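Chains as they are written, first to last, in the working numbering: chain A, 1 to 321; chain B, 1 to 235.
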């Protein structure tokens, strides 16, 4: 076989595979065995023309078709991920959390310690609240949870509920995503986000107890807090894990450590997003239903907390790996 | 890391990524640098800008519902615009316009998880402003990977659009001297690409062939094309 014959044959093979690829792209069907055979043949043509260096054009052209064939043949089932959403959330998610227990516990401490510190400090000396929160924040918080306020006398319009739902999604899930990503900055971004949220929560709770609004504040936060506060800690945990991968990659390159940690965090990211969607829904449509009374909302909140903690500790254990 | 004498590698002359497939053939991918990617991003920014305006107008018409729907739309555009396109075809409209696509490091199409990761980490790539971290990571990595690509294990590569060029229509003739394989390949490559050059450029390059060819530089160029046909098998 001389070069001219080979070129002709290789181009015919390339065109045959291109026809298959075009057909598949338009949603047509191609006999799988015939496709695989054509693809292997093309690979052989590519390999021979690389080895014998038959013209840069021919090699590039065969390479381009082989790339597309490779993509077609080794397509992963990413489009079917949605079918497995339940398995992902019910099994992979809690398992990934427990597997990453070091970073998750570190995140819990980084969130709880500043929260407790702020809470205790402000409970002991109420005037210190100005050191933790801006005066405008304090004022708007007081107005929002003032039991004598007139907005506790009537129900919120449903349009407002949906606006708040949209806002919670845009704001809270965005923050969780950023917390994960900024973990790459040696974990500093994630640690800051955790500590900041802890301080705001702790000082808000302490101040509202001090001014006598505990009865409106706690029934409001207990329900969606079960999902939202835990999801904040989880996002912080994924960020800290990324930061740790950069700081101490172990036996692999930093790039590989980052990639591995990020992939291991994926189930947590999916689960955390689902939890924040649930939290946004509760916060917009449930937590603000003060007409339900405190007792009901405390009871539902307690059940939610028990479910979330039980899920994190026990979820996905039955199906053996 | 110290390398033994056998493991020394020559510095790469290009940025091509070689990936061996299970069929035993080596596929070559060409990663795209910061400039085409920035251009693709600008196009996507414009597309998203239009989408925002449309969403805002629809939101206005919906009235009370509009704020909530608008915020959810803004959230989706901000985080999932690239993901939706990348998972479907490996490229956003901007990347399509620039002839780029996203692939996994092993050449497979990008998965939902990988696409999500590279677009979440985009937030850090953008920091402190104008994709500075992403740019540093891009030029520091051997395969033009921004931080998001490192986290997701993805590459942005050129979508090859090539065709095989025919050799020029001249009569084949055997070379005057025995040629090595490298010399033969150089002559065929010259003939393949000659049609895209000016007459002067062809002559200029042919002038370097010395004793392999005869005559004026123009004649040398024609003679080389003849050799190429002969080498390719037209005898």
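Built from N, CA and C at the ideal position, the CB exists for glycine as well. Computed from a predicted model, the values in this text were never measured in an experiment.
Between the alpha carbons of residue i and residue j, how many angstroms are there, rounded?
| i | j | result |
| --- | --- | --- |
| residue 24 of chain A | residue 144 of chain B | 31 Å |
| residue 129 of chain A | residue 144 of chain A | 17 Å |
| residue 176 of chain B | residue 41 of chain A | 36 Å |
| residue 270 of chain A | residue 190 of chain B | 54 Å |
| residue 188 of chain B | residue 68 of chain A | 27 Å |
| residue 305 of chain A | residue 299 of chain A | 10 Å |
| residue 24 of chain B | residue 43 of chain A | 8 Å |
| residue 53 of chain B | residue 172 of chain A | 23 Å |
| residue 134 of chain A | residue 63 of chain B | 33 Å |
| residue 92 of chain B | residue 29 of chain A | 26 Å |
| residue 112 of chain B | residue 103 of chain B | 11 Å |
| residue 214 of chain A | residue 255 of chain A | 48 Å |
| residue 38 of chain B | residue 16 of chain B | 20 Å |
| residue 55 of chain A | residue 36 of chain A | 26 Å |
| residue 119 of chain A | residue 227 of chain A | 21 Å |
| residue 121 of chain A | residue 137 of chain A | 18 Å |
| residue 168 of chain B | residue 63 of chain A | 23 Å |
| residue 104 of chain A | residue 225 of chain A | 18 Å |
| residue 58 of chain A | residue 193 of chain A | 54 Å |
| residue 180 of chain B | residue 211 of chain B | 15 Å |
| residue 39 of chain A | residue 22 of chain A | 14 Å |
| residue 6 of chain B | residue 50 of chain A | Unreliable positioning characterises residue 6 of chain B in this predicted model, as indicated by a pLDDT of 40, which lies under 50. The coordinate reading is nonetheless provided below. Between residue 6 of chain B and residue 50 of chain A, the C-alpha separation is close to 24 Å. |
| residue 229 of chain A | residue 97 of chain A | 15 Å |
| residue 286 of chain A | residue 36 of chain B | 48 Å |
| residue 240 of chain A | residue 107 of chain A | 7 Å |
| residue 265 of chain A | residue 81 of chain B | 21 Å |
| residue 116 of chain B | residue 310 of chain A | 28 Å |
| residue 14 of chain B | residue 26 of chain A | 35 Å |
| residue 2 of chain B | residue 251 of chain A | Reliability of the predicted coordinates at residue 2 of chain B is poor, the pLDDT of 38 falling under 50, and no value is obtained from them. |
| residue 321 of chain A | residue 30 of chain B | Confidence at residue 321 of chain A is low in this model, with a pLDDT of 44, below 50, so its placement is unreliable and the value that follows should be read with caution. Rounded to the nearest angstrom, the two C-alpha atoms are 39 Å apart. |
| residue 14 of chain A | residue 160 of chain B | 14 Å |
| residue 216 of chain B | residue 100 of chain B | 44 Å |
| residue 40 of chain B | residue 136 of chain B | 18 Å |
| residue 43 of chain B | residue 110 of chain B | 21 Å |
Could you give the first and the last residue of the continuous alpha helix (DSSP H) run that contains residue i?
| i | result |
| --- | --- |
| residue 57 of chain B | 34-62 |
| residue 11 of chain A | 3-25 |
| residue 278 of chain A | 254-285 |
| residue 182 of chain B | 181-194 |
| residue 121 of chain B | Segment: none, residue 121 of chain B is in no alpha helix (DSSP H) and carries neither H nor E. |
| residue 202 of chain B | 199-206 |
| residue 188 of chain A | 188-210 |
| residue 297 of chain A | 294-314 |
| residue 233 of chain A | 214-247 |
| residue 228 of chain B | 217-232 |
| residue 173 of chain A | Segment: none, residue 173 of chain A is in no alpha helix (DSSP H) and carries neither H nor E. |
Hey, quick one: how far does the beta strand (DSSP E) through residue i stretch, first residue to last?
| i | result |
| --- | --- |
| residue 29 of chain B | 26-29 |
| residue 103 of chain B | 100-104 |
| residue 145 of chain B | No beta strand (DSSP E) holds residue 145 of chain B; DSSP gives it neither H nor E. |
| residue 18 of chain B | 17-20 |
| residue 157 of chain B | 154-158 |
If you measure from the CB of residue i, is any heavy atom of the ligand GTP nearer than 7 Å?
| i | result |
| --- | --- |
| residue 315 of chain A | With respect to the ligand GTP, the structure offers nothing, as it holds no ligand at all. |
Since residue i contacts residue j with CB under 8 Å, what's their CB separation in whole angstroms?
| i | j | result |
| --- | --- | --- |
| residue 70 of chain A | residue 21 of chain B | 6 Å |
| residue 134 of chain B | residue 146 of chain B | 4 Å |
| residue 150 of chain B | residue 258 of chain A | 5 Å |
| residue 163 of chain A | residue 68 of chain B | 4 Å |
| residue 59 of chain B | residue 114 of chain B | Contact flag wrong, Cβ pair sits at about 32 Å. |
| residue 247 of chain A | residue 184 of chain A | Between residue 184 of chain A and residue 247 of chain A the Cβ distance is about 11 Å, and since that is not below 8 Å, they are no contact. |
| residue 232 of chain A | residue 114 of chain A | Between residue 114 of chain A and residue 232 of chain A the Cβ distance is about 12 Å, and since that is not below 8 Å, they are no contact. |
| residue 177 of chain A | residue 123 of chain B | 7 Å |
| residue 172 of chain B | residue 229 of chain B | 4 Å |
| residue 284 of chain A | residue 146 of chain A | 21 Å between Cβ atoms; not a contact. |
| residue 141 of chain A | residue 208 of chain A | 7 Å |
| residue 190 of chain A | residue 182 of chain A | 6 Å |
| residue 77 of chain B | residue 48 of chain B | 6 Å |
Check your understanding: Closer than 8 Å, Cβ to any Cβ of chain A: which residues of the region 63-87 of chain B, in chain order?
Key -> Answer set for the region 63-87 of chain B: 63, 64, 65, 67, 68, 69, 70, 71, 72, 74, 75, 78, 79, 87.
Practice item. Using a Cβ-Cβ cut-off of less than 7 Å, give me the residues of the region 147-161 of chain B that come near chain A, in sequence order. Key: Within the region 147-161 of chain B, the residues whose Cβ lies closer than 7 Å to any Cβ of chain A are, in chain order, 147, 150, 151, 152, 153, 160.
**Study point:** Within the region 47-99 of chain A, ranges of the alpha helix (DSSP H) (whole runs, at least 4 residues)
**Key:** Within the region 47-99 of chain A, the complete alpha helix (DSSP H) runs of at least 4 residues are 56-73, 93-99.
Review point. Unbroken alpha helix (DSSP H) runs of length 4 or more, entirely within the region 109-146 of chain A: which are they?
Key: As far as the region 109-146 of chain A is concerned, its whole alpha helix (DSSP H) runs of at least 4 residues are 129-132, 135-145.
**Study point:** chain B contacts made by the region 158-181 of chain A, where a contact means CB separation under 7 Å
**Key:** Residues of the region 158-181 of chain A with a Cβ closer than 7 Å to any Cβ of chain B, in chain order: 159, 162, 163, 165, 166, 167, 169, 170, 173, 174, 177, 178, 180, 181.
Practice item. Anything in the region 199-233 of chain B with a Cβ closer than 9 Å to a Cβ of chain A? List those residues in chain order, please. Key: Correct list: 229, 231, 232, 233.
Check your understanding: Between the region 14-30 of chain B and chain A, which residues of the former have a C-beta closer than 9 Å to a C-beta of the latter?
Key -> Within the region 14-30 of chain B, the residues whose Cβ lies closer than 9 Å to any Cβ of chain A are, in chain order, 19, 21, 22, 23, 24, 25, 26, 27, 28, 29.
Review point. Which of the residues in the region 58-74 of chain A, read from start to end, lie with their CB under 8 Å from any CB of chain B?
Key: Residues of the region 58-74 of chain A that bring their beta carbon within less than 8 Å of a beta carbon in chain B comprise 58, 60, 61, 63, 64, 66, 67, 70, 71, 74, in sequence order.
Practice item. Scan the region 268-295 of chain A for residues whose Cβ lies nearer than 9 Å to a Cβ of chain B and list them as they occur along the chain. Key: Within the region 268-295 of chain A, the qualifying residues are 269, 270, 284.
Point to revise | Residues within the region 20-53 of chain A neighbouring chain B, beta-carbon criterion of under 8 Å | key: Residues of the region 20-53 of chain A with a C-beta less than 8 Å from any C-beta of chain B: 39, 40, 43, 44, 46, 47, 50, 53, listed in chain order.
Review point. Taking Cβ-Cβ distances below 9 Å as the criterion, which residues of the region 95-106 of chain B are in contact with chain A?
Key: Closer than 9 Å at the C-beta level to chain A, one finds these residues of the region 95-106 of chain B: 103, 104, 105, 106.
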